[in-house]
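Numbering (the working numbering), first residue to last: 312 to 380.
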């Protein structure tokens, strides 16, 4: 996925344009229940991006270890 870089106003316009495209697919009352979880997942993905490779390497190193979490 391409990173969207730009001013806050252009980012807001981008988000609202996409939100308006989805209005027809969902009831207005259900929109928040559907969009907010995906927004949270995307935010977590962005926040964890700097450590993604290190976490994958650690997982590969310990995935066969008999460690109970």
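All C-beta atoms in this analysis are idealised placements derived from N, C-alpha and C, irrespective of residue type, glycine included.
Contact under 8 angstroms by Cβ, residue i with residue j
| i | j | result |
| --- | --- | --- |
| residue 326 | residue 337 | no |
Alpha-carbon spacing of residue i relative to residue j, whole angstroms
| i | j | result |
| --- | --- | --- |
| residue 313 | residue 354 | Low confidence applies here, because residue 313 scores a pLDDT of 49, under 50, leaving its location unreliable; read the following figure in that light. Using only the alpha carbons, I get a separation of about 14 angstroms. |
| residue 379 | residue 357 | 28 angstroms |
| residue 432 | residue 348 | The structure shown has nothing for residue 432, since the chain only spans 312 to 380. |
| residue 361 | residue 350 | 19 angstroms |
Simplified DSSP state of residue i, which is helix, strand or coil
| i | result |
| --- | --- |
| residue 370 | helix |
| residue 376 | coil |
| residue 328 | helix |
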